Amino acid sequence: MLGDEKSVRYAFLNRLGFFSTSLIFSCFTVTIAVTLTIFLLLSSCALTKQGYEQLKEGQSTKPSVCIDETGNEYYPNRVLIGYSDVRKISQILNLLNGRLLLHIPEISVISVEITEDAKRAIQLLETEGIKNKYGIRYAEYVYVRKLVPFEIGPLQEVNRALVASKVSSYYSNYTGESLDVYLWGLRAIKVKDGWKAGYNGDGVIVAVLDTGVDGTHPDLEGQLVEGYRPLNDEILPAGSDSSFGGAHGTHVAGTIAAKLDGKGIVGVAPRAKIMPVVLFDNGGWYVGDDYAAKGIVWAVNHGAKVLSNSWGGSGYSQTLKEAFDYALERGVVVVAAAGNSKSTQSYQYPANYPGVIQVGAVEFNGGNYIIADFSSGSPMISVCAPGVSIISTMPQKDSYGHEAKQSFVIPENGGYYGFMTGTSMATPHVSGLVALLLQKYPTAKPWQIRKMLEQNALDIETTGYDEKAGYGLIQANAVEDDLPSSGGLDYQLTVTDAYSSWRVPSVSVSLLGISSTGRNVRYFAKTNTEGIAKFIGIDSGRYDVIVSGPDTKVNSNGLTRVAFRKAEERTVIFQAALVDNRNNAVRFSSSASLRLVNPPPAVVNSQIVFVDVTKLPTETGYEIAMNLEENFVDFSELSGQYLIKLRLPQKADTDILLSGTLTLNGVEIPVNGKITKNSTETYLSDNNVSYTWWTLFGKAE
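Sequential numbering from 1 applies to the sequence shown in the UniProt record's numbering.
Shown next as structure tokens:
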């Protein structure tokens, strides 16, 4: 049941048409397979409290999901809320009749479990009156994301024979490990160039945000520091088995930091330490953007210098963006898989957040290297790394994530190993090399590390930069390079109304690189509730800056609704030469007028009243009245979000039908209304979107 105030506010919003059936979307249930590939079984839409408790107790269950307007999956009974006043958290919980699941004070975010669907809760929270009263910066879905292995080889002998056949003609033991013949990835990046220069990752902690890691594996014993399981708020003891979500995280960890001991395999950075952070828990299901953000912040606060992310999905999350910004601003390098969709994309997150090192996958082709056909492309691809038939550690027989059909045991140390394929496997090669670079330059900025990888990469296939391979295949001789002193920066853009009095949220900001070198990089971010879009650690250069919005709906690139009509969206385009850190500001403006068509005599001397939705009708000063002269009124000077009424000087003695045209930014929009007998006013409604506010930005000087 809704609380009293919530009921009143829902009733108010319902009267304004916010909960029409056109805004309700289909809901489904997801079945998560025990293997790392996630399959969808469409059914219902409610994850019960009992389901949460089963998950926390270690039982696999079927988390339910809903589908938003653009096909992105989200958990229906959780909502992420960015707040501006920590003292109002209890009031927010009361408003939603919700239960606090987690609180991340570092980025001012809470996750709330609710009995309503998140869609309806967000519609309530996005109204300006509610946002202002409760200090809400934003409200958004808890999206569902997935691991990105392309293939987990069930026939290990086939993978072993395939890899061995490709290297047999010129094979000599490269690393000294007993499974060295299969470690083609380490040869490809010439990892020993880094080791010979004296760098092996010593002193660097790499957080593996994944399914957990089996620290009891012989090749990982002594390699794991304390980790974190955000779902349970549980500290994982150093060296323990945390492979709750399957083998994927253990495989990733081995590629990064398996020991150099002559047995089994060795990682790129054998003296680095692994910090497991469990984002894919029992059954391999994703814990959600809320718990993921909590895990990211925990890792940063506990000494991680690299965040390795072999997962992703669509759905722009401001919470994840702020969590990764929290890491980048503290000098933590973020590495993420591009995905395995084969196509070029710019909506896979976290890979496409600004400042992230996005990684594609390379295939060994018997002496040379080609981009794997499954590897996703993106304008934000940085580099590529080995990602096909990669051998690495797998959970032991008695461990949580053991997968008997996907692994084999060797007699030298009793350890289990297996092959996987995907950009998931390419990512840890890069994370390991980043550890070597940070050993040499422990105070380097994330963009400096990225530049070192790019400048020393081996160009493959298409000459120069391309959106599949990035700058090329990473090479360990990058450790011999000097730290770049230029080429990266932080950029911040603020969007306001024409008077700089309203900072506009949910505006898309795209930076399109203008280059003569073949790379037209594109960065994308959204303005937060302070109207600020952040781009941390991006390339310096000349850009077309495209500022467009605010969003007319929640979409894969958006937060909550600010506007309802395309005519309300504004676009500003300019060029900027970015060399050093910079802040820019953009002012939106708008034009708006109303003309009634042949109103009856009773409407003479009436007023047009603008109801400020940022101030609910319980407050004074929420109405602005303008005289309707010659059936016309220009209100371009107004800025904000308004409902529009026509008000008579006396009661109508009969029903009065009204019609007219509201011209907004040059677009003519039909409006209508009806004043019933004995009434004095009516809302003027958009014929297409009934009883919704109009978003205005004021008149340009």
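Each residue gets a CB set at the ideal place from its N, CA and C atoms; glycine is no exception. A quick note: this is a predicted structure, and the numbers were derived from the prediction, not measured.
Within-8 Å CB hit, residue i to chain B
i: A444; result: Looking for chain B here will not work: only one protein chain is present.
Neighbourhood of residue i by C-beta distance below 6 Å, restricted to the same chain and skipping five residues each side
i: W298; result: Y228
i: V509; result: L493, A525, A533, V547
i: G222; result: none
i: D655; result: T676, K677
i: V191; result: V268, A476
i: N555; result: Its pLDDT being 39, under 50, N555 is placed unreliably by the model, and the measurement read from it follows with that caveat. Only T70 meet the Cβ criterion.
i: S341; result: S376
i: S407; result: M394, Y416, G418
Beta-carbon proximity check, residue i vs residue j, cutoff 8 Å
i: V388; j: A372; result: yes
i: L646; j: S593; result: no
i: P230; j: G295; result: yes
i: I136; j: L124; result: no
i: D539; j: G464; result: no
i: G284; j: S242; result: no
i: T427; j: A336; result: yes
i: residue 703; j: G470; result: The structure shown does not extend to residue 703, since the chain is modelled only from 1 through 701, so no value can be given for it.
i: I381; j: K321; result: no
i: V144; j: I114; result: no
i: E569; j: G549; result: yes
i: G239; j: Y499; result: no
i: L473; j: V334; result: no
i: L496; j: A585; result: The sequence given here places Thr at residue 496; Leu does not occur at that position. In contact: T496 and A585 (Cβ atoms closer than 8 Å).
i: G401; j: A292; result: no
i: V86; j: E73; result: no
i: S308; j: V208; result: yes
i: T344; j: G377; result: yes
i: D202; j: Q439; result: yes
i: V206; j: I274; result: yes
i: S590; j: N665; result: yes
Residue i burial status per 10 Å Cβ neighbour count (16 or more: buried)
i: residue 713; result: No answer is possible for residue 713: it lies beyond the span of the chain, which begins at 1 and ends at 701.
i: L100; result: exposed
i: N200; result: buried
i: F574; result: exposed
i: F524; result: buried
i: G262; result: exposed
i: K119; result: buried
i: V613; result: buried
i: N352; result: buried
i: A700; result: exposed
i: P600; result: exposed
i: P505; result: buried
i: R271; result: buried
i: Q396; result: buried
i: F632; result: exposed
i: T695; result: buried
i: V667; result: exposed
i: K451; result: buried
i: I514; result: exposed
i: Q650; result: exposed
i: K566; result: exposed
i: G176; result: exposed
i: S636; result: buried
Nonlocal neighbours in the same chain, by C-beta distance under 7 Å from residue i, ignoring five residues either side
i: D580; result: L489
i: G673; result: L646, L658, T682, Y683, L684, S685
i: S317; result: E140, Y143, D289, Y349
i: L236; result: E226, G227, Y228, R229, S242, P276
i: D459; result: G472
i: N688; result: none
CB-CB length for residue i against residue j, believed under 8 Å
i: E480; j: A197; result: 6 Å
i: I265; j: S424; result: Not quite, the Cβ-Cβ distance comes to about 17 Å (not below 8 Å), so this is no contact.
i: D281; j: G245; result: 5 Å
i: S659; j: V597; result: 5 Å
i: residue 702; j: G129; result: A question about residue 702 goes unanswered here, because the residues of the chain that appear run from 1 up to 701.
i: I390; j: F419; result: 6 Å
i: F364; j: A188; result: 7 Å
i: Y138; j: I110; result: Not really, about 12 Å apart at Cβ, beyond 8 Å.
Cβ-based neighbour list, residue i, same chain, cut-off 8 Å, excluding 5 preceding and 5 following
i: R330; result: V300
i: K445; result: G331, G488, G537
i: A652; result: A602, I675, T676, K677, N678, S679, T680
Cβ-heavy atom distance, residue i to the ligand MN, below 7 Å
i: Y138; result: Judged by which ligands are present, the structure shown has none, so any question about the ligand MN falls away.
Check your understanding: So does the region 304 to 316 actually touch the region 140 to 150, counting three or more Cβ pairs closer than 8 Å?
Key -> yes
Point to revise | At least 3 beta-carbon pairs within less than 8 Å: the region 249 to 269 vs the region 208 to 217 | key: yes
Review point. Is the region 397 to 416 touching the region 430 to 448, taking contact as three or more C-beta pairs under 8 Å?
Key: no
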